[in-house]
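*Asks:* Got a structure for you, written out below as structure tokens; questions coming shortly.
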Amino acid sequence: MTAILTPPLALRHLRQLTTDVRAAVVLAAGDLAVLAREPAGRADAPTGTVLAISGERHVLAVLAGPHALLPLLRHDLETLLADMGDEGASSSVQVFERADSAVSAAIFAGLGFPAAGKA
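Below is the structure:
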């Protein structure tokens, strides 16, 4: 599939589509694995839910606030990943509670929130 959106345009489009998106990041698919291997503590991030979707080339992660419409946000993430030309999109969006796992801590790190004690 031909990419319609670049990652920066996808993030801009996401902010126009969805309410209460506090932070968003597009990572290369390999970057998440590297971040997940990093030792990380609890992330110092605002209250919210992390949603992430991965494909063969990209990972798109969003920190959504309490007023976000999660089913609609899930659909938007799937659509944006496909519009970035990522044919290998996973069939579902993963939801991570606030820094409850190494993966969510890695995503928070990618979103620019430092781990506790590392500020």
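Residue 102 in the numbering used here sits at position 117 of the sequence shown; the count goes up by one each step and never skips. Note that beta-carbon positions come from the ideal geometry of N, C-alpha and C, so glycine has one too. The structure displayed is predicted, hence computed values, not measured ones.
#1: Among T(-13), H(-2), P51, which has the Cα closest to the Cα of A11?
#2: In three-state DSSP terms, what is T4?
#3: Taking 6 Å as the limit between beta carbons, can you name the residues of its chain near T3, skipping five residues before and five after?
#4: Cα separation between T(-9) and A8?
#5: Any idea if L36 is buried or exposed, counting beta-carbon neighbours within 10 angstroms, 16 or more meaning buried?
#6: Alpha carbons only, please: which of Q1, D71, P(-7), A(-5) is nearest the one belonging to G40?
#7: Round the Cβ separation of V44 and A(-5) to the nearest angstrom and send it over; I've been treating them as touching at under 8 Å.
#8: DSSP state of A(-5), grouped into three classes?
*Replies:* This is what the structure holds:
#1: Here residue 11 corresponds to residue number 26 of the sequence shown, with the count starting at 1. According to the sequence shown, residue 11 is Val rather than Ala. For the residues T(-13), H(-2), P51, the minimum Cα distance to V11 belongs to H(-2).
#2: Within the sequence shown, numbered from 1, the residue matching residue 4 stands at position 19. Of the three classes helix, strand and coil, the one that applies to T4 here is coil, per DSSP.
#3: Taking the sequence shown and counting its residues from 1, the one referred to as residue 3 is at position 18. So the list reads L58, D61, once near-sequence residues are dropped.
#4: Within the sequence shown, the letter at position 6 stands for residue -9. Within the sequence shown, the letter at position 23 stands for residue 8. If I take the Cα positions, the gap works out to 17 Å.
#5: Position 51 of the sequence shown holds residue 36. Answer is buried; the Cβ neighbour count reaches 16.
#6: Reading the sequence shown from its first residue, position 55 is the one you call residue 40. Of the candidates Q1, D71, P(-7), A(-5), the one whose C-alpha sits nearest the C-alpha of G40 is D71.
#7: In the sequence shown, counting from the first residue as 1, residue 44 sits at position 59. In the sequence shown, counting from the first residue as 1, residue -5 sits at position 10. Contact doesn't hold; Cβ gap of about 12 Å is too wide.
#8: Taking the first residue of the sequence shown as position 1, residue -5 is located at position 10. Note: A(-5) maps to helix in three-state DSSP.
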